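Data first, discussion second: the structure below is written as C-alpha cells.
Residue numbers (the numbering used here), protein chains in the order written: chain A, 1 to 130; chain B, 1001 to 1137.
Structure representation (C-alpha cells):
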C-alpha cells in the first residue's frame, strides 16, 4: 500500500509512508482500484474477454468506511448490464467489497467499452469479401 | 480558497488545488503498485499497435490523483463517501493535469455535500468529466 501511496504522490499522514509504517494507518479511498476493481474485470475475463479489448469509460466507488492496514476483504464482482450504444458494445461491471464480519465497506460500478475481438473482426471482413 | 476541514461550505465555492505533471516513472510506479501491467501503459510499440499515440497513463491513476485532491482538501480521507467520473481524454507522459471542483449542493440535515469535480490537461481538455464527489460534512 505504501507503493500505491508513493505512486500517487500522497503524503497524508493517515496512510503508510513505508512498509513498516502500519500502526493505525488506513488505505486511501482510491486504493479500491486494487482490491475492488479486479473483481469486476475478472468477471469479464472469465466470460472470455481479453483485458486488451477493454476501455474504461466511467468509474464510481462508494465507501462505507476506511480500511485499516491488515484487514482482509472479499470482493465479489458481477456483470450487471450489457448493452449497445452507437454501435459500440458496453458492459456495466459491479463489485461489492465486504470485511471479515460480512459488512459492506465499498462498492464499485464501472462502465467499460468492449472493443471488437480482432480475430472475429478479421473473419467478418473476410466473409464480406467472399 | 478555504480548506474543507471544519468550515461552512457555500454552493458555488471553488475547492481543490492539485496540479501534477505525468512522467513515465509515475506511470510505471502506478503499474507496479496497482498490479495493472497492461503494456499500453509502458511500451510505446504496443500502444501504437492498438492505435494510441504512445503510452498512456492509467485512467485509475488519474482517478487516484483526483481522489487525492479531494482528500487533501478534506484533510480526513474517511469523509469521502463517493467519487464518480467519466474518462474523457487520454493522458500521456509530459502532460500536466489540474484538478478543479466547486460545491454543487449542501445537505445540512443529512450531513453531506456534493462537489462537482473534474481534471483537465494543459490544453484545457477535460481528462475526467462528469465528476461528482459526495463528502461528509
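Just so it is clear, CB atoms sit at the ideal spot from N, CA and C, and this is done for glycine as well.
Keep in mind it's a predicted model, so treat the numbers as computed, not measured.
Annotation for residue 32 of chain A: 61 and 106 place their beta carbon closer than 6 Å to its own, counting only its chain and skipping 5 residues before and after. In this structure residue 1058 of chain B is not in contact with residue 1086 of chain B, their Cβ atoms being roughly 15 Å apart against a cut-off of 8 Å. Within the same chain, and ignoring the five residues on either side of residue 71 of chain A in sequence, the residues whose Cβ sits closer than 8 Å to its Cβ are 99 and 100. In the displayed model, residue 26 of chain A falls within a strand according to three-state DSSP. Residue 36 of chain A is outside the set of residues whose beta carbon lies under 8 Å from a beta carbon in chain B.
About 34 Å separates the Cβ atoms of residue 1035 of chain B and residue 1102 of chain B, ruling out a contact at the 8 Å cut-off. In the displayed model, residue 1026 of chain B falls within a helix according to three-state DSSP. Excluding the 5 residues flanking it on each side, residue 1039 of chain B has same chain C-beta neighbours closer than 7 Å at 1046, in chain order.
By the rule that beta-carbons nearer than 8 Å mark a contact, residue 61 of chain A touches chain B. Not a single C-beta of chain B is nearer than 8 Å to the C-beta of residue 83 of chain A. Looking only at A:18, A:84 and A:15, the smallest Cα-Cα distance to residue 114 of chain A is reached by A:84. Listed along chain B, no residue sits closer than 9 Å to residue 112 of chain A by beta-carbon distance, the nearest being about 10 Å off.
With fewer than 16 neighbouring CB atoms inside 10 Å of its own CB, residue 1122 of chain B falls in the exposed class.
If you look at residue 83 of chain A, you'll find it in the beta strand (DSSP E) that goes 74–85. In the structure shown, residue 1034 of chain B falls within a helical segment according to DSSP collapsed to helix, strand and coil.
The beta carbon of residue 75 of chain A is closer than 7 Å to those of 35, 36, 39, 95 and 97 in its chain, skipping five residues each way along the sequence. As far as DSSP is concerned, residue 31 of chain A takes part in no beta bridge. In the three-state reduction of the DSSP assignment, residue 56 of chain A falls in the strand class. Apart from the 5 residues on each side of it in sequence, residue 25 of chain A sits with its Cβ closer than 7 Å to the Cβ of 14, 15, 16 and 69 in its chain, given in chain order. Scanning A:63, A:59 and A:104 for the CA closest to the CA of residue 91 of chain A turns up A:59.
By the neighbour-count criterion, in which a residue is buried when 16 or more other Cβ atoms sit within 10 angstroms of its Cβ, residue 87 of chain A is exposed.
With a cutoff of 8 Å on beta-carbon distance, residue 4 of chain A and residue 1104 of chain B are scored as not near each other. Against chain B, the CB of residue 12 of chain A has a partner CB under 8 Å away; the residue lies at that interface.
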